[in-house]
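Below: one structure, written as structure tokens.
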Amino acid sequence: MYNDKVMEHFNNPRNVGEIPDADGVGETGSFKCGDTMKLYIKVKNDRIEDIKFQTFGCGAAIASSSMLTEMVKGKTVEEAAQVTNQDVADELGGLPPMKLHCSNLAADALQNAIADYKDHKIKQQSL
Ligand code: FES
Numbered sequence: 237m238y239n240d241k242v243m244e245h246f247n248n249p250r251n252v253g254e255i256p257d258a259d260g261v262g263e264t265g266s267f268k269c270g271d272t273m274k275l276y277i278k279v280k281n282d283r284i285e286d287i288k289f290q291t292f293g294c295g296a297a298i299a300s301s302s303m304l305t306e307m308v309k310g311k312t313v314e315e316a317a318q319v320t321n322q323d324v325a326d327e328l329g330g331l332p333p334m335k336l337h338c339s340n341l342a343a344d345a346l347q348n349a350i351a352d353y354k355d356h357k358i359k360q361q362s363l
């Protein structure tokens, strides 16, 4: 059902874990399956210096999250915000149509983590 690249990321997921002093944290869940995702970003000079994820999602969600973390590490926050779940699925060489929603978990969690980061930044600037 999954291609080799998806299986490789599923079996050896990159950037799994937690960043205790993260600059932004995003959580999301899927209405379709009830799976959840938490994603942490560390930002330096407006670039994503580190990124980690934790998920109770399926194999496609794990592979998508792993791929997404590799795609956005080193990008500016604004560049990272442009990455869509379709970009992640394309980079993985495609996901089965019934598993496309799983890649939303990672993409949505990233958007939420970026929003959280911006929120903290605004609050710090107003202190
Ligand atoms: Fe829930 Fe894939 S089935 S994330």
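Residues in the sequence shown are numbered from 237 upward in steps of one, following the working numbering. The beta carbon of each residue, even a glycine, is placed where N, CA and C say it ideally should be.
For Ile255, the closest C-alpha among the options Lys335, Lys357, Ile358, Ala349 is that of Ala349. The continuous alpha helix (DSSP H) containing Leu341 extends over residues 336-361.
The alpha-carbon separation between Glu285 and Ala297 amounts to approximately 22 Å.
Taking 7 Å as the cut-off, one finds at least one heavy atom of the ligand FES near enough to the beta carbon of Lys335. Annotation for Ala342 indicates a beta carbon at 7 Å or more from all heavy atoms of the ligand FES. Gly329 is not bridged by DSSP to any residue. The shortest CA-to-CA distance from Arg283 to any of Asp271, Tyr276, Lys309 is the one to Lys309.
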